[in-house]
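Q:
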Amino acid sequence: MSARIATQGRLIDRSRPITFTFNGRRLHGLAGDTLASALLANDQVMLGRSYKFHRPRGLIASGPEEPNALVGLGEGPRFEPNQRATTTELFDGLVATSQNHWPSLDLDIGAVNAALARFFPAGFYYKTFMWPRDFWKKVYEPVIRRAAGLGAAPKEPDPDSYEHFHAFTDVLVIGGGVAGLQAAKVAAQAGAKVLLIEQSPHWGGRTPVDGGTVDGEPVETFVEKTVAELALMENVTLRTRCMGAGVYDHGYVLGYERLTDHAPLAGGPRHRLWRIRARRIVTATGAIERPLPFAGNDVPGVMLASAMRDYVVNWGVAPGQRVIVVTNNDDAYRTAITLKRAGLDVLRILDVRNAGGGALMEEAYALGIRIDCGRAIARVSGGKRVAKVAICAHEGEGGALEEVACDAVAMSGGWSPAVHLWSHCGGKLIWDETQAHFRPDTARPPTGADGEGFVIPAGAASGELSLDGVLSDADATGKYAAKAVGCKLKRTKVPTCAGPEEAPMRPVWLMPERARVALRNKAFLDYQNDVKVSDIQLAAREGYESVEHTKRYTTLGMATDQGKLSNINGLATLADALGSPVPEVGTTTFRPPWTPISMGAIAGEARGEIFQPLRRTPMHGWHEANGAHWEPVGQWRRPYAYPRPGESLHDAVMREVKNTRQSLGLLDASTLGKMIVKGPDAGRFLDMLYTNMMSSLKPGKCRYGLMCSENGFLIDDGVVARLDDETFLCHTTTGGAERIHAHMEEWLQCEWWDWQVHVANVTEQFAQIAVVGPKARALLEKLGGMDVSREALPFMEWRAGELADFPVRVFRISFSGELSYEIAVPASQGLALWELLMNEGAEFGIAPYGTEALHVMRAEKGFIMIGDETDGTVIPQDLGLGWAISKKKDDYLGKRAQQRPHMTDPNRWKLVGLETLDGSVLPDGAYAVAEGVNENGQRKVQGRVTSTYFSPTLGRGIAMGLVLHGPDRMGEVLEFPGTDGRSIKARIVSPVFYDKDGERQNV
Amino acid sequence: MSEPITALRGAAFDGLARVEECPPQGMITLRGDLAARPFARAVGTAAGVKLPGPNEARVEIDAAGATGLCWMSPDELLLLCPHHEAAAMEADLSRALSGQHALVVNVSDARAMFRLSGRAARDVLAKLAPVDLAPSAFRPGMFRRTRLAQVAAAFWMEEDESFRILCFRSVAQYVFDLVKTAAHPASSVAFHAAPDRP
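Chains A and B supply the protein sequences, listed in that same order. Number 464 in the working numbering belongs to position 464 of the first sequence; there are no gaps in the numbering. The working numbering runs 10000 ahead of the 1-based position in the second sequence.
#1: Tell me whether the beta-carbon of A:Arg-341 lies closer than 8 Å to the beta-carbon of A:Val-209.
#2: Put A:Gly-634 into one of helix, strand or coil per three-state DSSP.
#3: Should A:Ser-695 be flagged as near chain B, meaning a C-beta pair shorter than 8 Å?
#4: So, for A:Ala-884: in the same chain, excluding its five sequence neighbours on each side, which residues have a beta-carbon less than 8 Å away from its beta-carbon?
#5: Using only the alpha-carbon positions, how far apart do A:Val-282 and A:Lys-479 sit?
#6: When you check each C-beta in the stretch 10006 to 10037 of chain B against every C-beta of chain A, which residues fall closer than 8 Å?
#7: How big is the Cα-Cα spacing for A:Phe-685 and A:Arg-858?
#8: Against chain B, which members of the stretch 666 to 682 of chain A pass a CB distance test of less than 8 Å?
#9: Which residues, taken in chain order from the stretch 156 to 179 of chain A, show a beta carbon closer than 8 Å to some beta carbon of chain D?
#10: To test your reading of the DSSP string, which unbroken alpha helix (DSSP H) runs of 4 or more residues are found completely within the stretch 558 to 615 of chain A?
#11: Consult DSSP for A:Gly-74 and reduce its assignment to one of helix, strand or coil.
#12: My assumption, with CB atoms under 8 Å, is that A:Lys-388 sits in contact with A:Cys-406. Please give the rounded CB distance.
#13: Could you name the residues that DSSP lists as bridge partners for A:Phe-454?
#14: Using a cut-off of 9 Å between C-beta atoms, extract the partners of B:Asn-10055 located in chain A.
#15: Name, going along the chain, the residues of the stretch 10143 to 10177 of chain B whose beta-carbon falls closer than 7 Å to a beta-carbon of chain A.
#16: Pull up the DSSP beta-bridge partners for B:Asn-10106, would you.
#17: Hey, would you say A:Lys-52 sits closer than 8 Å to A:Ala-295, going by beta carbons?
#18: Using 8 Å as the limit for Cβ to Cβ distance, is A:Val-313 near chain B?
#19: For chain A, is any of its Cβ atoms less than 8 Å away from the one on B:Gly-10048?
#20: Please compile the residues from chain B whose C-beta is within a distance smaller than 9 Å of the C-beta of A:Gln-765.
#21: Is the stretch 10128 to 10142 of chain B touching the stretch 569 to 588 of chain A in the sense that three or more CB pairs, one from each, lie closer than 8 Å?
#22: Would A:Ile-864 and A:Val-912 qualify as a contact pair, given that the criterion is a beta-carbon distance under 8 Å?
#23: If A:Glu-80 and A:Val-95 are in contact, beta carbons under 8 Å, what's the gap, nearest whole angstrom?
#24: Is B:Pro-10201 close to chain A, meaning its C-beta is less than 8 Å from at least one C-beta of that chain?
#25: Take the Cβ of A:Phe-611 as the centre, count every other Cβ of all protein chains shown within 10 Å, and call the residue buried at 16 or more, exposed below.
#26: So with CB distances below 9 Å, who are the chain B contacts of A:Ser-828?
#27: Can you find a CB in chain B that lies within less than 8 Å of the CB of A:Ile-610?
#28: In chain order, what residues of the same chain have a beta carbon less than 7 Å from the beta carbon of A:Asp-345, not counting five sequence neighbours either side?
#29: When the Cα of A:Val-533 is compared with those of A:Val-992, A:Gly-32, A:Gln-8, A:Ala-122, which residue comes out closest?
#30: Given a cut-off of 8 Å on the beta-carbon distance, is the pair A:Pro-440 and A:Gly-427 in contact?
#31: Look at the alpha carbon of B:Pro-10198 and the alpha carbon of A:Val-508, and state the distance between them as a whole number of angstroms.
#32: If contact means a Cβ-Cβ distance below 8 Å, which residues of the stretch 271 to 296 of chain A contact chain B?
#33: Helix, strand or coil: which one does DSSP assign to A:Trp-753?
#34: Is the beta carbon of B:Ala-10172 less than 8 Å from the beta carbon of B:Arg-10147?
#35: Quick one: using the 10 Å Cβ neighbour count with 16 as the cut-off for buried, is A:Thr-285 buried or exposed?
#36: Under 8 Å, Cβ to Cβ, is there at least one residue of chain A near B:Val-10189?
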């Protein structure tokens, strides 16, 4: 059994008990425990079921590489699936549940998959679900979808908050083990600004567990002293619980700080995403121990040797009482020695090396531990935990020599540097024959803008596995990084370390070497995705040679752990099966993040009120207070209509249209874009931007214009007013302001850089109020000030002046067809003018109107709307706007494109009005059908609706649409099938439904 | 004319740092050849300071608000003056610069201005802007056009280590809410400033 022991436990506080639950059961742990160590202390060895075969699984590791111990954490809105028990700090009240089983962890129906394992080989999906073809949609897909995915998604909104932080540093050191500490220290001593981040809550990494001395003192003292020294340095920032998640181009790094996961009542943001720019990045990310591929290496109780001693030393937990250690290297002897000294039974050390190990072996031997060299594990038996081990010769097929009852197995297949962060941005790897691992090839680092490598590995992450090697490498790395950022190095002493001499390891990719099929079928490589040695070998036999293809075919390394334990073993197995050297097979691609980060951290502060910027006009508050129903237009909110109590939205729109046409309406037009274009070449510039002539416009006058893209398509429209000889004011659509501003600057800066033109976006300087309707002039005259008579301010002209002491520009332009004045006033006075107009307009029956009434009125007049009549494929000629295209100009943007054959094709659909025969309203976007079907068996079409409304003015449905040869087919009736099975018939008419001669606006 | 009102009517919040909307501020966009002597002379005279270099703000603050010049781009400056003088300033400068290819336009009402002050001001701003705000990298008198989360913004640092933040008027509420969130009392980063000790 696994249990807490009386000694050891350097990270726990035995005086502070903690209560938590696992699958509803109340359990006790200690402050400083991880969820993993606490579960183990409660003899909870089995923690979940595997994904494919539902095999019982327990802890393999003690850190972020853990593939098995994934749990659901928390409840309700704070529930999160797939959390690693090994990196979850225990807190009072923690609630955890195991995953992937039904009805319970102990009794699981899905475990039947394990019995059928021989029917689930590599590529199972591709082989099985191909036939019968019809079964895919109705049978296979629903079943697979139900079975797919690990853990359940939370259903309620996340109640926590998150944030980002931008940090800049000379040197970023990722990993706070002894290598990271030393590298940070020397870089900081040289004067570099250093940020040191460590994913766990503790400094020192795994070295305090492994032991050794630095400058004659225990390594733990070195860690304490170095941290204390760094904490006092002004140019150093230290962060624990902050993981280096990804390395990107230009020294950009994402750090993932978990602020309150361990203390959920603390308040403040839960996670903080550090967006770091570092001139040099030191990856001191350590190494990961490899499992050994033998049959039953996934039975709960089989654990990495290093993890087993972590549990004993760090948390005072014995993973078992009677333990067998199996290894191909010296390091696992440390586990045997640790366990023995903690009073546990170490039954055997099985060392595949015929000659055994070095000094550590001598030490183990002296402690009285039995050491069998040349021996291996043939099979581990036991269902939900280890029961016995069959021992065999490593150089054989697995014939058991002996069976030994035990309750835990510690395995070590050697160490692989954690090269992930080195590799994210393209750092290359080399194969180290002696250590049988890939390590960073420092001659081929990821390079920055200066052509130099910007990532530098340190310590075990660089392939140095002895304490001495780790510290001297880290020292050199820290100095190298400091020098690279321009610091002058100080002479400092490299720490001298002492540790045992170690004998060379012996690579093992299958145990025993020539294991029979029955054993290979149970030798797991990828625990999370249940990929076995036999699956990789099958893939090789079926012709898979590329490691990337094999990965996807077998799903090796594709689970949430991204193959941290399985990759090297898997590709070595593939290399072996292909008869190729390991480096020729290579690795799969390492991609960020190192371990999963929360969606909340990525979103940062962007939620609730500040999910997106919401743009407000100066009158926004008034609209809100007066019952506006909002319509989003870009990031603006504009009133769609102002329904009165008891009035429907539709009725409100109808009322607003009628009121405006009959008496007086007020529209907040502040969102329209306003560009000042000034300079000696301003006229010439606008002649290029607009399809019509702008340079001939006289000061004081306005002209409607169209803008096209280089490809000839209509992109914006609006009224241009000439302010003076050199200055124009161009109005754009609401959604087009920023886009058109950028368009103007792009042409000025990139193409016509020698033209003398300046542009300024003054959209927000002005509140713009449209005073519309037959009584508009009466209201303005009542305010007093400038002359707004027909003679002083004719249609399509503008004047500056004062109205009731407000400094204004008044434009006589109309988008409704009525007498209309658009008044621009400084934004800080916009609300005051709006309120004055409302008050003074009361006697004229004034009422505000929203965007829908605006739409209805412009449609009654046949005015197009960018985004309704245009969709990026429409040219002005399609819309009957030929009158707005100058024939006199040599050129304008889009002119050449509009001469392409497709653009001049007489079969392009053209704008017409549509009048339903029964007076109803056509569905928006409906298609007019034609005779026959196309090659896909679809009904042929000959036009579509672009705008459609009920016109209260005409008392019937009106619409505009693009129709094949439309303008030549006046009076013809088209059929528009709706989505409700009904067809609506509509007659082709002129798009101008109301006041065709424009008399109302020109009074 | 009526009394000008700002977008948020002087809203304020105290957290890790204090953020407050400033009263109406006169602002004039100037575009022209910054290296041309007549331009520099006319603008410098009007503003009462020498032209700022790249990423620089030459600004004095008194009871009437900010006066001076900020560098916006290689051909753009922002002139700050009392709000009620902006229209006259626009007219005067236009006259002084007539004959040159230059643009003078009053944008006083197009923007909102905030003051962010307090020990954690650098940290609070660094949550929202991708700018190196270390004391060694961003000093009083420095100006930066950048973004705050999802919107365009600019800020400069005053002599007393507080910031003035500029954004478009329409997003004043968004920016205020952003800074308020970033200044939440329980969200201290203590990267640029040591945490407050009890």
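The C-beta atom is built at its ideal place from N, Cα and C for all residues, glycine as well. The structure presented is a predicted model; accordingly, all values stated were derived computationally and were not measured.
A: A quick look at the data gives this:
#1: Mapped onto the first sequence, residue 341 of chain A falls at position 341. Mapped onto the first sequence, residue 209 of chain A falls at position 209. Result no, Cβ atoms of A:Arg-341 and A:Val-209 do not sit closer than 8 Å.
#2: As a first step, residue 634 of chain A is located in the first sequence; it is residue number 634 there, counting from the start. It is coil, neither helix nor strand.
#3: Taking the first residue of the first sequence as 1, we reach residue 695 of chain A at position 695. A:Ser-695 does not count as touching chain B.
#4: For the purposes of this step, residue 884 of chain A is taken as residue 884 along the first sequence, with counting starting at 1. Contacts found: Thr-691, Asn-692, Tyr-704, Gly-705, Leu-706, Pro-876.
#5: As a first step, residue 282 of chain A must be located in the first sequence, where it is residue number 282. As a first step, residue 479 of chain A must be located in the first sequence, where it is residue number 479. In a straight line, the C-alpha of A:Val-282 is about 11 Å away from that of A:Lys-479.
#6: Thr-10006, Ala-10007, Pro-10024, Thr-10029, Arg-10031, Gly-10032
#7: For the purposes of this step, residue 685 of chain A is identified with residue 685 of the first sequence, where counting begins at 1. For the purposes of this step, residue 858 of chain A is identified with residue 858 of the first sequence, where counting begins at 1. Their Cα atoms are separated by approximately 29 Å.
#8: Ile-676, Lys-678, Gly-679, Pro-680
#9: In the structure shown, chain D does not exist; the protein chains are A and B.
#10: 567 to 578, 582 to 585, 599 to 603
#11: Position 74 of the first sequence, counted from the first residue, corresponds to residue 74 of chain A. Of the three classes helix, strand and coil, the one that applies to A:Gly-74 here is coil, per DSSP.
#12: Here the question's residue 388 of chain A lines up with position 388 in the first sequence. Here the question's residue 406 of chain A lines up with position 406 in the first sequence. Confirmed, Cβ separation roughly 7 Å.
#13: Here the question's residue 454 of chain A lines up with position 454 in the first sequence. In DSSP, A:Phe-454 forms no bridge with anything.
#14: In the second sequence, counting from the first residue as 1, residue 10055 of chain B sits at position 55. In chain order: nothing, as chain A lies at least about 15 Å away.
#15: Ala-10149, Gln-10150, Val-10151, Phe-10168, Arg-10169, Ser-10170, Val-10171, Gln-10173, Tyr-10174, Asp-10177
#16: Locating residue 10106 of chain B in the second sequence gives position 106, counting from the first residue. B:Ile-10028.
#17: One-based indexing of the first sequence puts residue 52 of chain A at position 52. One-based indexing of the first sequence puts residue 295 of chain A at position 295. No; because the gap between Cβ atoms is not below 8 Å, this pair is not in contact.
#18: Translated into positions along the first sequence, residue 313 of chain A becomes position 313. Closer than 8 Å: no.
#19: To locate residue 10048 of chain B, count along the second sequence from 1; it is residue 48. With 8 Å as the cut-off, B:Gly-10048 does not count as an interface residue toward chain A.
#20: Start at 1 with the first residue of the first sequence, and residue 765 of chain A comes out as number 765. What A:Gln-765 touches in chain B: Val-10105, Asn-10106, Val-10107, Ser-10108, Asp-10109, Ala-10110, Arg-10111, Arg-10169.
#21: no
#22: Stepping through the first sequence from its first residue, residue 864 of chain A is reached at position 864. Stepping through the first sequence from its first residue, residue 912 of chain A is reached at position 912. Not a contact, by the Cβ cut-off of 8 Å.
#23: Taking the first residue of the first sequence as position 1, residue 80 of chain A is located at position 80. Taking the first residue of the first sequence as position 1, residue 95 of chain A is located at position 95. Incorrect: roughly 11 Å between the Cβ atoms, too far for contact.
#24: Past the edges of chain B, shown from 10001 to 10198, lies residue 10201 of chain B, and the structure says nothing about it.
#25: Start at 1 with the first residue of the first sequence, and residue 611 of chain A comes out as number 611. Exposed.
#26: Counted from its first residue, the first sequence places residue 828 of chain A at position 828. Near A:Ser-828 (Cβ distances below 9 Å), the residues of chain B are Ser-10002, Glu-10003, Pro-10004, Ile-10005, Thr-10006, Ala-10007, Pro-10024, His-10083, Ser-10108, Asp-10109, Arg-10169.
#27: Mapped onto the first sequence, residue 610 of chain A falls at position 610. Interface residue, yes.
#28: What you label residue 345 of chain A is simply residue 345 of the first sequence in a count that begins at 1. Counting only Cβ-Cβ distances below 7 Å, and skipping sequence neighbours, we find Gln-321, Arg-322, Val-323.
#29: For the purposes of this step, residue 533 of chain A is identified with residue 533 of the first sequence, where counting begins at 1. With distances taken between Cα atoms, A:Val-533 lies closest to A:Ala-122.
#30: Taking the first sequence and counting its residues from 1, the one referred to as residue 440 of chain A is at position 440. Taking the first sequence and counting its residues from 1, the one referred to as residue 427 of chain A is at position 427. Closer than 8 Å, so yes.
#31: Indexing the second sequence from 1 puts residue 10198 of chain B at position 198. Indexing the first sequence from 1 puts residue 508 of chain A at position 508. With a pLDDT of 39 at B:Pro-10198, under the threshold of 50, the modelled position of that residue is not reliable, and the figure given next carries that caveat. Roughly 58 Å between the two C-alpha positions.
#32: Arg-272, Arg-275, Arg-277
#33: Taking the first residue of the first sequence as 1, we reach residue 753 of chain A at position 753. Reduced to three states, the DSSP call for A:Trp-753 is coil.
#34: As a working mapping, residue 10172 of chain B is identified with position 172 in the second sequence. As a working mapping, residue 10147 of chain B is identified with position 147 in the second sequence. Contact flag unset, no.
#35: Mapped onto the first sequence, residue 285 of chain A falls at position 285. That one is buried.
#36: To locate residue 10189 of chain B, count along the second sequence from 1; it is residue 189. For B:Val-10189, the answer is yes, since a Cβ of chain A falls inside 8 Å of its Cβ.
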